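Q: The structure that follows is given in the form of C-alpha cells.
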Amino acid sequence: MAGYVLKEAEGRSYRWSPFGYLFTIKAVGDEMDRDIAFIEFATERGKEPPSHVHEGEDEVFYVLSGELTFICGENAIDAGPNDFVFLPANVPHAYTVKTDGLVHLLVVTITREQDGRRFGKEIEETGERVTRDTVLRYVDELRSR
Numbered sequence: 527m528a529g530y531v532l533k534e535a536e537g538r539s540y541r542w543s544p545f546g547y548l549f550t551i552k553a554v555g556d557e558m559d560r561d562i563a564f565i566e567f568a569t570e571r572g573k574e575p576p577s578h579v580h581e582g583e584d585e586v587f588y589v590l591s592g593e594l595t596f597i598c599g600e601n602a603i604d605a606g607p608n609d610f611v612f613l614p615a616n617v618p619h620a621y622t623v624k625t626d627g628l629v630h631l632l633v634v635t636i637t638r639e640q641d642g643r644r645f646g647k648e649i650e651e652t653g654e655r656v657t658r659d660t661v662l663r664y665v666d667e668l669r670s671r
C-alpha cells in the first residue's frame, strides 16, 4: 500500500436524499486495509438525522466550521470549530445544528461498508466535487423548491 493525498473537493461524492446533504468519502476500509472510513460533509439546520444507533460502529465528528449540539445517550455535548466529538457504538445519538448556514464536518467511522452501498438507494453518486460553492448551490436549490 502506498501513501496518497486527496486535495480539497477530491474523493467520491454522494447526495444522501433523506437529509439532503452532500458528502465526500475520502477513504474507506478496503482502500486502507483498515476498518475505518473518513467522510467529509456539510449540512444545515433542518437537515439533521433523527436519533439513531450504529451497532458495533464508533463514530467521530471533527467540526470544521459551525456549531452543533450532539446528543449521546442522555448527554448533550456542544461543539464548534476544531472540536472533536466521540460517539460510541450502540448508544443512541443525534445532533442539532445551531449555526445559521452551513456546518462542515469530518466524520470518522470504524467500518468496512462506508462506500455508498451501506446507505442503499438513498445514495446517489453525483460525480461532482463537494466544495463550499457546490454545497451553497445545492442549498439554494433546496430553498427554491
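Just so we're aligned, residue 527 is where the sequence shown starts under my numbering, counting upward by one.
From the three backbone atoms N, C-alpha and C, an ideal C-beta is built for every residue, glycine too.
Note that the structure is predicted; figures quoted are calculated from it, not measured.
Go ahead and pull the three-state DSSP assignment for residue 634.
A: For this step, residue 634 is matched to residue 108 along the sequence shown. Reduced to three states, the DSSP call for residue 634 is strand.
Q: Specify, as a first and last residue, the run of the beta strand (DSSP E) that residue 562 falls within.
A: As a position in the sequence shown, residue 562 is number 36, starting the count at 1. Run containing residue 562: none; DSSP gives neither H nor E here.
Q: Distance, Cα to Cα, residue 707 vs residue 562?
A: Lying before the first or after the last residue shown, residue 707 is absent from the chain, which here runs from 527 to 671.
Q: What residue from 623, 590, 591 and 582 has the CA that sits closest to residue 597's CA?
A: By 1-based counting over the sequence shown, the position of residue 597 is 71. Considering only alpha carbons, the answer is 623.
Q: Quick one: Cα of residue 590 to Cα of residue 567, how far?
A: The residue given as residue 590 occupies position 64 in the sequence shown. The residue given as residue 567 occupies position 41 in the sequence shown. Going from the Cα of residue 590 to the Cα of residue 567 covers about 10 Å.
Q: So the candidates are 630, 601 and 613; which of them puts its Cα closest to the Cα of residue 570?
A: As a first step, residue 570 is located in the sequence shown; it is residue number 44 there, counting from the start. Looking at the Cα atoms, 630 is the closest of the given residues.
Q: Excluding sequence positions up to five away, which residues of its chain have a Cβ less than 6 Å from the Cβ of residue 620?
A: In the sequence shown, residue 620 corresponds to position 94, counting from 1. Hits under 6 Å: 577 and 597.
Q: Which runs of the beta strand (DSSP E) spanning at least 3 residues fall entirely within the stretch 554-620, listed in chain order?
A: Qualifying beta strand (DSSP E) stretches, in chain order: 563-570, 585-591, 594-598, 601-605 and 610-613.
Q: Can you tell me whether DSSP reads residue 623 as helix, strand or coil?
A: Taking the sequence shown and counting its residues from 1, the one referred to as residue 623 is at position 97. In this structure, residue 623 counts as strand in the three-state DSSP scheme.
Q: Going by DSSP, name the residue or residues bridged to residue 628.
A: Position 102 of the sequence shown, counting from 1, holds the residue named residue 628. Partner(s): 570.
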